[in-house]
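In structure tokens, the structure reads:
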């Protein structure tokens, strides 16, 4: 059976949504020793809005999400969801939050049916309601025909879909998705993205983190870019893109030392930012076609072998590189 769509209409009984922000974080701070992991982070998410939180590894995304979900105590600041202040140890407002963590929160030795029954019991759902909801969730995530199979026999995409089903089981009003498409097959990935779009259209607030910029551009109504614990930019994809003007993004695949290649480009005329991405260097330039001969000359003076070269107009990836000096997947 192909994966279904996680629709509010079949899985959720969304209550009337208020006009105020459904979720709001104000002035969040969190330190771990000398590391200021979250530094004065404020954001809000409205009903029916998908908010993307993007940042390089170590930027503070996971810590921020943990505070928003009530799993971690902030050193300062407040979080409110559906009118209730969220803190570890408090049950107020927690029923409004569905968390789908990056690490799979499922039991591989249990079946999908058993996993969902276990989490339904943790949510305190009455047995009859739980049975109905489990049937609905399994149907829309496309696992009805595998409900009696152990999760250890599932593909990566199937496990991710079950993870999302667990997060939706109790009909949350805020769904937090932390890189939900990591390691999934294309079919499951597209099903997940379609599901997020539908949930947002039907009134759910979604907080979405990803290492795939195309997902953020497709799904997110607004995007916050976080680096070194601070939200350094926020807006729609169009607003963020316009903030860097007409700079182009040049991606050059190479063999040899990418660090050496990046170092050679740091002093090149017309290059404003340089970053390393896998086996490539990524440059922001005022005129890619005009700067290309100098770029090739600088790299050809070494043992570096140039592979493909791609020049693209300003996009969200270019904004991220400009603001953080890093590629999103770093």
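Numbering (UniProt numbering), first residue to last: 1 to 330.
The C-beta atom is built at its ideal place from N, Cα and C for all residues, glycine as well.
Q.
According to DSSP, is residue 155 part of a helix, a strand, or is it coil?
A. coil
**Q.** Helix, strand or coil at residue 240 according to DSSP, with G and I counted as helix
**A.** helix
(Q) Can you list, in chain order, the residues of its chain with a C-beta nearer than 8 Å to that of residue 260? Leave out the 5 residues immediately preceding and following it. (A) 302 and 304
(Q) Less than 7 Å between the beta carbons of residue 77 and residue 29, yes or no? (A) yes
Q) By Cβ distance, which residues of its chain are closer than 8 Å to residue 72, with the 5 residues on each side in sequence left out? A) 30, 63, 66 and 88
Q: Would you please state the rounded distance, in angstroms, between the beta carbons of residue 206 and residue 175? I believe it to be under 8 Å.
A: 5 Å
Q) Looking at C-alpha atoms only, which residue of 43, 232 and 38 is the closest neighbour of residue 22? A) 43
Q | Neighbourhood of residue 288 by C-beta, 6 Å cutoff - its chain only, sequence neighbours within 5 removed | A | 248, 250 and 311
Q: Reducing DSSP to helix, strand and coil, say where residue 171 ends up.
A: coil
Q: Sort out for me which residues DSSP pairs residue 43 with in a bridge.
A: 25
Q. Is residue 122 helix, strand or coil by DSSP?
A. helix
(Q) I'd like to confirm the pairing. Which residues does DSSP put opposite residue 319 in its beta bridges? (A) Paired residues: none, contrary to the question.
Q.
Suppose only complete runs of 4+ residues qualify. What are the alpha helix (DSSP H) ranges in the segment 217 to 274, listed by chain order?
A. 237 to 242 and 258 to 265
Q. Is it true that the CB of residue 230 sits closer than 7 Å to the CB of residue 57?
A. no
**Q.** Neighbourhood of residue 315 by C-beta, 8 Å cutoff - its chain only, sequence neighbours within 5 removed
**A.** 213, 217, 241 and 249
Q) If you drop the 5 nearest sequence neighbours on each side, which residues of the same chain put their C-beta closer than 8 Å to that of residue 5? A) Low per-residue confidence applies at residue 5: pLDDT is 36, beneath 50, and the placement is therefore not dependable, though the value from the model is reported in the following sentence. Excluding residues within five positions, the ones whose Cβ falls inside 8 Å are 140, 191, 194, 195 and 198.
Q.
Taking contact to mean 3 or more Cβ pairs, one atom from each stretch, closer than 8 Å, check whether the segment 111 to 121 and the segment 157 to 176 are in contact.
A. yes
Q) Around the C-beta of residue 233, are 16 or more other C-beta atoms found within 10 angstroms, so that it is buried, or is it exposed? A) buried
Q: Assign residue 280 to one of three DSSP states: helix, strand, or coil.
A: strand
**Q.** Range covered by the beta strand (DSSP E) that runs through residue 80
**A.** 76 to 81
Q: Going by CA-CA distance only, name the one from 265, 203 and 215 that's closest to residue 186.
A: 215
Q | Short Cβ contact (7 Å threshold) for residue 322 with residue 244 | A | yes
**Q.** Paired residues, beta bridge with residue 285 - DSSP
**A.** 248 and 271
Q. Can you give the Cα-Cα distance for residue 236 and residue 128, rounded to whole angstroms?
A. 43 Å
Q) For residue 99, which option in 266, 171 and 130 has the closest C-alpha, if you only look at C-alpha atoms? A) 171
Q) Which residues share a DSSP beta bridge with residue 50? A) 206
Q. At what residues does the alpha helix (DSSP H) containing residue 193 begin and finish?
A. 186 to 201
Q: Determine the DSSP secondary structure at residue 309, reduced to helix, strand or coil.
A: strand
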